[in-house]
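Asker: Numbering of the sequence shown is given in full-length UniProt numbering, commencing with residue 1 and proceeding in unit increments.
Where a beta carbon is used, it is the ideal one built from N, C-alpha and C, also for glycine.
Owing to the predicted nature of the structure, the values given are computational and were not obtained by experimental measurement.
Sending over a structure as structure tokens; questions will come in a sec.
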Amino acid sequence: MFRFLQNVISYIYLIYFGSINVMWHLWSLLLKFKQKMDKRWSLQGMTALVTGGASGIGHAIVEDFAGFGATIHVCDISEISLNQSLSEWEKKGFQVSGSICDVSLRLERETLMHTISKMFHGKLNILVNNVGVVRVKPTTEYVAEDFSFHISTNLESAYHLSQLSHPLLKASGFGSIVMNSSVGGVVSMECGSLYSLTKGAMNQLARSLACEWTTDGIRTNSVAPNFILTDMSAPHLEDACYKKSLFSRTPLGRAGEPKEVASLVAFLCLPAASYITGQTICVDGGLTVNGFSYQPNP
């Protein structure tokens with residue numbers, strides 16, 4: 001009888017404590033998996049510079065970066081917008097600093113990058129070349145000042161800031177550059193040839209840097225938005241003919257939201273996107289793939 005009870009107790013012990021050991025082992029595996037997933041889907045401990053980040057798409061990008069745990073510096077030409085945004089982000093507990101900068105000016109770009117290098121101790125994980133301007137005119141009406149304005153603000157700033165950020169991105173060991181381009185750099189844009197020229201060049205710059213700087217641990221991509229609703233762009237939709245034409249060419253039939261661009265930018269900077277480089281990805285509601293459409297009457 002004693003032998004029988006001893007066996008029963010031993011059996012219960014093995015089941016109970018064996019189960020605990022199994023559960024503990026499974027729990028440890030789950031924790032390790034979660035930690036691994038967290039690192040792939042986190043920007044914790046990383047630093048970012050977003051140009052033109054106080055409003056519109058740039059503002060949404062900063063929000064997403066901060067949500068993923070990044071420490072961000074924002075530059076903007078508008079002191080009012082910048083101060084308002086910094087106050088908003090401080091209330092949310094985001095780690096965001098900012099400075100005034102006209103990125104179309106070489107000296108101000110150099111001053112900005114000196115600030116970044118000092119602030120982030122010679123390292124930078126993410127550069128988002130977000131600033132963009134457009135003057136809508138027929139090509140025959142553009143003048144030399146229009147040309148310089150587009151080139152210096154859209155293209156030269158992206159090119160020079162990428163150059164200046166290279167040693168910082170390389171030093172971080174995990175660098176990512178994202179160009180905020182446009183569908184205007186992928187397909188034709190009537191009355192916006194200068195804008196399209198600069199955006200197409202940004203896409204090519206991203207491809208070139210992706211190949212040239214890959215051995216330095218730096219990935220480079222472009223995002224190409226369609227019409228995105230911002231305070232600056234919204235008035236254009238007051239033109240009923242323009243709105244009808246735009247939406248009829250866009251399969252989703254609407255303008256985009258800043259957060260819909262920001263989510264892609266954030267993803268491209270995550271460790272989870274570590275095999276994506278040199279790409280131009282359209283955030284356009286299907287505009288760039290929309291071909292001829294005809295529905296015969298029933």
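#1: Among Ser99, Ile100, Ser85, which has the Cα closest to the Cα of Thr93?
#2: In this structure, how does DSSP classify Asp146 when only helix, strand and coil are distinguished?
#3: Is it true that the segment 255-263 meets the segment 194-212, where meeting means three or more beta-carbon pairs spaced less than 8 Å apart?
#4: Grouping DSSP H, G and I as helix and E and B as strand, with all else coil, what is Ala48?
#5: Does the segment 39-46 come within contact of the segment 226-241, defined as at least 3 CB pairs closer than 8 Å?
#6: Sorted by chain position, which residues of the same chain lie with C-beta nearer than 8 Å to Gln95's C-beta, five sequence neighbours on each side aside?
#7: Quick one: what's Ile126 bridged to in DSSP?
#8: Please state whether DSSP places Ser165 in a helix, a strand or coil.
#9: In terms of DSSP beta bridges, what is Pro225 paired with?
#10: Using the three-state DSSP reduction, which class does Ile61 fall into: helix, strand or coil?
#11: Below 8 Å on the Cβ atoms is my contact criterion, and I expect Ala266 with Ile61 to pass it. Report the Cβ-Cβ distance as a whole number of Å.
#12: To the nearest angstrom, how far is it from the Cα of Gly122 to the Cα of Ser162?
#13: Within 10 Å of its beta-carbon, does Ala224 have 16 or more other beta-carbons around it, so buried, or fewer, so exposed?
#14: Rounded C-beta distance between Ser176 and Cys75? I'm assuming under 8 Å.
#15: Suppose you measure from the CA of Ser193 to the CA of Lys39; what does that come to, to the nearest Å?
#16: Between the C-alpha atoms of Ser245 and Ser172, what's the straight-line distance to the nearest angstrom?
#17: DSSP three-state label for Ser181, please.
Answerer: This is what the structure gives:
#1: By one-based count along the sequence shown, residue 93 stands at place 93. Note that residue 93 is Gly in the sequence shown here, rather than Thr. Checking every option, the nearest Cα to that of Gly93 belongs to Ser85.
#2: Walking along the sequence shown from the start, residue 146 turns up at place 146. Asp146: helix per DSSP, three-state reduction.
#3: no
#4: Looking up residue 48 in the sequence shown gives position 48. Strand.
#5: no
#6: Taking the first residue of the sequence shown as 1, we reach residue 95 at position 95. If we look at Gln95 and ignore the five residues flanking it on each side, its Cβ neighbours are Ala66, Ala70, Thr71, Ile72.
#7: In the sequence shown, residue 126 corresponds to position 126, counting from 1. Bridge partners of Ile126: Ala48, Ser176.
#8: Position 165 of the sequence shown, counted from the start, is the residue given in the question as residue 165. Residue state, collapsed to three classes: helix.
#9: Numbered from 1 along the sequence shown, position 225 holds the residue referred to as residue 225. Pro225 is bridged to Val283.
#10: By 1-based counting over the sequence shown, the position of residue 61 is 61. Ile61: helix per DSSP, three-state reduction.
#11: For the purposes of this step, residue 266 is identified with residue 266 of the sequence shown, where counting begins at 1. For the purposes of this step, residue 61 is identified with residue 61 of the sequence shown, where counting begins at 1. With 8 Å as the limit, Ala266 and Ile61 qualify as a contact, their Cβ atoms being about 7 Å apart.
#12: The residue you call residue 122 lines up with position 122 of the sequence shown. The residue you call residue 162 lines up with position 162 of the sequence shown. Taking the straight line joining both Cα atoms gives about 15 Å.
#13: If you number the sequence shown from 1, residue 224 lands on position 224. Ala224 comes out buried.
#14: Residue mapping note: residue 176 aligns to position 176 of the sequence shown, counting from 1. Residue mapping note: residue 75 aligns to position 75 of the sequence shown, counting from 1. That pair is no contact at about 18 Å.
#15: Counted from its first residue, the sequence shown places residue 193 at position 193. Counted from its first residue, the sequence shown places residue 39 at position 39. Between Ser193 and Lys39, the C-alpha separation is close to 42 Å.
#16: Start at 1 with the first residue of the sequence shown, and residue 245 comes out as number 245. Start at 1 with the first residue of the sequence shown, and residue 172 comes out as number 172. Rounded to whole angstroms, Ser245 to Ser172 spans 45 Å at the Cα level.
#17: In the sequence shown, residue 181 corresponds to position 181, counting from 1. Note: Ser181 maps to coil in three-state DSSP.
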